[in-house]
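>
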């Protein structure tokens, strides 16, 4: 039983570390109020830990733990983990609970067993958000179908379910409103939303030690909307990890100082905010089924010089905060629209995603730029691979291996083996042979 008390202290310690991390993240993002709230939470938890180290407190806990509650007619003092946040359609806010299936609002009940609430007050589905609407109209250049789609997908993110198995990339050069949009959502939703490290989504070139702590995975637990920011060029997505994090399967992780693995149901929707599209394998069908590329084509600068530039508004983030209740209503309306209409990406998103995949298809680009395709053409396999390596070097790319390249070529052309290996229907252009 003493070990159980020590385990409780460990749980509190992990939560204190989590609150410290969230405070640091919020401070880096300029969210002073949120940073202070998490710092106060850490302080309160540390006080509880000090109390639990006292002999008198341990004695009282052990005395309560030894009670046979089935004989008392009273409810036990603790709950099994699965009872918390069990209904993904409920969204707790400052003054009650919203049912995302209907938009109905009611006071919270103890039996809801909801641990995390948005700090924003609910003022009804019709609460306006004119500043947000003007902002969206500017960053998406008046494309109403794109704005409606973004409302549906952000409304979907409110729901604590991983149904669509999607991954959203918000892409465009800097100062285009991506960060401002996600940061105001973080302000409205509080601990239900927040940033994560970009390394969670990108290829690190090495495998993590099995069985080690995974605080990055644990940071997803209970969140509805999470985003990573990545601006570096030539970074690569980690397809396996992305598919795992968006697949809806149970996630398992361990806190930094935790002793045991914890499994939990994913509740998050994943976003990447980037100035440069990360590299992704064009032939990974399951990955591209998940990716939605959302282009941000406008830039907000001090002195606009082109049609795609607008005057920057430094006071916008603070003004957006004044209509937090309206933004919450806009999000809940998005959830209701998602239930009626589905995600249904507009042509602009579908085309941008298709273009992205085609540009990631190095083999296709090599064929288009350096090869000729005719019925009677043929080329030795070794000669074609050498031509591909030269093309890769000319474009600053790392060529795929001599094992992978034939697999990709044989998806498009027949290979025959005589004394040498040949591909039929293709040959190198004379200038490059």
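Residue numbers (the working numbering): 1109 to 1541.
All C-beta atoms in this analysis are idealised placements derived from N, C-alpha and C, irrespective of residue type, glycine included.
Note that this is a predicted model, so its numbers are computed, not measured.
(1) Within 10 angstroms of the Cβ of residue 1518, are there 16 or more other Cβ atoms? Answer buried if so, exposed if not.
(2) Does DSSP classify residue 1126 as helix, strand or coil?
(3) Buried or exposed: where does residue 1394 fall if 16 or more other Cβ atoms within 10 Å of its Cβ makes it buried?
(4) Residue 1118 and residue 1366: beta carbons closer than 8 angstroms?
(5) Output the residue ranges of the beta strand (DSSP E) runs that lie fully inside the region 1464 to 1538 and measure 3 residues or longer, sorted by chain position.
(6) On the DSSP bridge assignment, give the partners of residue 1344 in chain order.
(7) First and last residue of the alpha helix (DSSP H) that includes residue 1288?
(8) So, residue 1196 versus residue 1375, is the Cβ gap smaller than 8 angstroms?
(9) For residue 1206 and residue 1434, what's the separation of their Cα atoms in angstroms?
(10) Excluding sequence positions up to five away, which residues of its chain have a Cβ less than 6 angstroms from the Cβ of residue 1253?
(11) Below 8 angstroms, can you find three or more Cβ-Cβ pairs linking the region 1319 to 1330 to the region 1145 to 1160?
(12) By how many angstroms is the C-alpha of residue 1307 removed from the C-alpha of residue 1276?
(13) Output yes or no for whether 8 angstroms exceeds the beta carbon distance between residue 1203 and residue 1229.
(14) To the nearest angstrom, how far is the alpha carbon of residue 1109 from that of residue 1168?
(15) At the level of alpha carbons, what is the spacing between residue 1231 and residue 1412?
(16) If you run the structure through DSSP and keep just helix, strand and coil, what is residue 1404?
(17) Taking 8 angstroms as the threshold (C-beta atoms), are residue 1531 and residue 1492 in contact?
(18) Do you know how far the Cα of residue 1141 is from the Cα of residue 1363?
(19) Just curious, the alpha helix (DSSP H) that residue 1361 is in, first and last residue?
(20) Grouping DSSP H, G and I as helix and E and B as strand, with all else coil, what is residue 1109?
Well, looking at it:
(1) For the purposes of this step, residue 1518 is taken as residue 410 along the chain shown, with counting starting at 1. Residue 1518 should be labelled exposed.
(2) Sequence index remark: in the chain shown, residue 1126 carries index 18 (1-based). It is helical.
(3) Position 286 of the chain shown holds residue 1394. Flag for residue 1394 reads exposed.
(4) One-based indexing of the chain shown puts residue 1118 at position 10. One-based indexing of the chain shown puts residue 1366 at position 258. Yes. Within cutoff.
(5) 1486 to 1488, 1522 to 1525 and 1529 to 1532
(6) Numbered from 1 along the chain shown, position 236 holds the residue referred to as residue 1344. DSSP, once it has assigned bridges, lists 1387 as partnering residue 1344.
(7) Here residue 1288 refers to the residue found at position 180 of the chain shown. Counting along the chain, the alpha helix (DSSP H) containing residue 1288 begins and ends at 1286 to 1297.
(8) Along the chain shown, read from residue 1 onward, the residue named residue 1196 stands at position 88. Along the chain shown, read from residue 1 onward, the residue named residue 1375 stands at position 267. Taking 8 angstroms as the Cβ cut-off, residue 1196 and residue 1375 qualify as a contacting pair.
(9) Position 98 of the chain shown, counted from the start, is the residue given in the question as residue 1206. Position 326 of the chain shown, counted from the start, is the residue given in the question as residue 1434. Taking the straight line joining both Cα atoms gives about 14 angstroms.
(10) Your numbering for residue 1253 matches position 145 in the chain shown. Around residue 1253: 1454.
(11) no
(12) In the chain shown, the residue the question calls residue 1276 occupies position 168. In the chain shown, the residue the question calls residue 1307 occupies position 199. Cα to Cα, residue 1276 sits roughly 16 angstroms from residue 1307.
(13) Numbered from its first residue, the chain shown carries residue 1203 at position 95. Numbered from its first residue, the chain shown carries residue 1229 at position 121. Their beta carbons are under 8 angstroms apart, which means residue 1203 touches residue 1229 by this criterion.
(14) Here residue 1109 refers to the residue found at position 1 when the chain shown is read from its first residue. Here residue 1168 refers to the residue found at position 60 when the chain shown is read from its first residue. For residue 1109, the pLDDT reaches just 47, beneath the cut-off of 50, and the residue's location in the model is therefore unreliable, leaving the point undetermined.
(15) For the purposes of this step, residue 1231 is taken as residue 123 along the chain shown, with counting starting at 1. For the purposes of this step, residue 1412 is taken as residue 304 along the chain shown, with counting starting at 1. The alpha-carbon atoms of residue 1231 and residue 1412 are separated by roughly 38 angstroms.
(16) Position 296 of the chain shown, counting from 1, holds the residue named residue 1404. Coil at residue 1404, not helix or strand.
(17) As a first step, residue 1492 must be located in the chain shown, where it is residue number 384. As a first step, residue 1531 must be located in the chain shown, where it is residue number 423. Result yes, Cβ atoms of residue 1492 and residue 1531 sit closer than 8 angstroms.
(18) Along the chain shown, one-based indexing puts residue 1363 at 255. Along the chain shown, one-based indexing puts residue 1141 at 33. So the two alpha carbons sit approximately 26 angstroms from each other.
(19) In the chain shown, counting from the first residue as 1, residue 1361 sits at position 253. First-last for residue 1361: 1359 to 1361, but that is the beta strand (DSSP E), not the alpha helix (DSSP H).
(20) Taking the first residue of the chain shown as 1, we reach residue 1109 at position 1. Legend: pLDDT at residue 1109 = 47, less than 50; position of this residue unreliable, value from coordinates given subsequently. Three-state result, residue 1109: coil.
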